[in-house]
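Trainee:
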Amino acid sequence: MQGEFNSKFASRCPKTASTVNELNKDGALFGTPFGFCFFSTLMGQSTIKPHTGPMNLRLRVHLPLIVPTTDGKNNGNERPKCGIRVGSKIHEWKEGEALVLDDSYEHEVWNDTNEPRVLLLVDIWHPDVSIIERERIGHMFEYAREKGWIGR
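Take 202 as the starting number for the sequence shown in my numbering and just add one per residue.
1) Alpha carbons only, please: which of Val310, Thr253, Ser305 is nearest the one belonging to Met244?
2) Please list, in chain order, all residues of the same chain as Met341 whose beta carbon is under 6 Å from its beta carbon, the five residues on each side excluded.
3) Val301 and Val262: beta carbons closer than 8 Å?
4) So the alpha helix (DSSP H) His340 belongs to, where does it begin and stop?
5) Nearest CA to the CA of Cys283: which residue from Asp303, Leu320, Leu258, Pro255?
6) Please state whether the Cβ-Cβ distance between Pro265 and Glu223 is less than 8 Å.
Below, the structure is given as structure tokens:
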């Protein structure tokens, strides 16, 4: 999903779609500029290089669905075998425990195991953005779409 409900997604993942709709009752999900809800799979022996998200208007929620089993740290390093660094903080996912982060900070991801890691990623409005600001930002982005300055 990107900013609006996707019925094709809902038909393939009805429980997830139902949960996402329930979470969206207060309007925190849809309408977030550059906001997404998707499954993220990182195969074993893979990395995502350091990068930043497009803005600090949102927070990204990581809900771990499948996390590789690990037997401690990575070759004596301080970082886990499967994890994420946001700024200077390193996090390790635990199945069923949400991790909320501001992806406007530099972050990188790695999976040094031989198993895949699967997350449900959901973007929500940053709580410091007021309802009025959300509405005005939404209008600004809609105007930019109408003018053809940005795509859907």
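Note that the Cβ used here is the ideal one computed from N, Cα and C, for glycine as well.
These numbers come from a predicted model, not from an experiment.
Mentor: Looking at the atomic coordinates:
1) Of the candidates Val310, Thr253, Ser305, the one whose C-alpha sits nearest the C-alpha of Met244 is Val310.
2) If we look at Met341 and ignore the five residues flanking it on each side, it has no Cβ neighbours.
3) A contact, by the Cβ cut-off of 8 Å.
4) Counting along the chain, the unbroken alpha helix (DSSP H) around His340 starts and ends at 332–347.
5) Of the residues Asp303, Leu320, Leu258, Pro255, the one whose Cα lies closest to the Cα of Cys283 is Leu320.
6) No, the Cβ-Cβ distance between Pro265 and Glu223 is not below 8 Å.
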